[in-house]
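Each residue of the sequence shown is one higher than the one before, starting from 311 at the first, in the numbering used here. By construction, the Cβ of each residue, glycine as well, lies at the ideal position given by its N, Cα and C atoms. These notes are about the structure you will find just below.
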Amino acid sequence: MTKSFTPPGQMHLAGVPLPSLAPFNTDNQRELRIIRALATGARTREELDSIAGASNVPDAIAALRRKGLEIPAHREPVVDRDREVVYRGRYRFTDLDLIRTRHLWESA
Numbered sequence: 311m312t313k314s315f316t317p318p319g320q321m322h323l324a325g326v327p328l329p330s331l332a333p334f335n336t337d338n339q340r341e342l343r344i345i346r347a348l349a350t351g352a353r354t355r356e357e358l359d360s361i362a363g364a365s366n367v368p369d370a371i372a373a374l375r376r377k378g379l380e381i382p383a384h385r386e387p388v389v390d391r392d393r394e395v396v397y398r399g400r401y402r403f404t405d406l407d408l409i410r411t412r413h414l415w416e417s418a
């Protein structure tokens, strides 16, 4: 019986591939701006819209996820101008995302 290697602190579920450790690459300028921003810390969707130069950051984040980055998000409550509680997204890199994209944001 052969045991597969699971890195310390990680759980391996049968049928679920382990995240890739390969460097992440893109030549898409919008994606690069988002990557460089997330490398400095968590950002709201509105902040990333401004940084990316587009108002479709959720679509760009989805594309980065399809390409292999994790980029978790959580929704945080805020009060809008009508004094309603709404939830905005805040995106961040995982430690693995930072490792895989380091060559892209360190060289900037």
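Exercise. Between which two residues does the beta strand (DSSP E) harbouring Pro-333 extend?
Worked result: Looking at the DSSP string, Pro-333 is not in any beta strand (DSSP E), and its letter there is neither H nor E.
For Glu-394 and Ile-345, the rounded distance between their alpha carbons
Approximately 31 Å between the Cα atoms of the pair.
Put Ala-372 into one of helix, strand or coil per three-state DSSP. helix
Q. Cα separation between Asn-366 and Arg-340?
A. Taking C-alpha positions only, Asn-366 is separated from Arg-340 by approximately 10 Å.
Legend entry - Option in Phe-334, Ala-332, Ala-364, Asp-359 with minimal Cα separation from Arg-400: Asp-359
* Taking DSSP as the reference, what is the three-state secondary structure of Glu-386? -> strand
Alpha-carbon to alpha-carbon, Glu-357 and Ala-332 | Cα-Cα distance, rounded: 28 Å.
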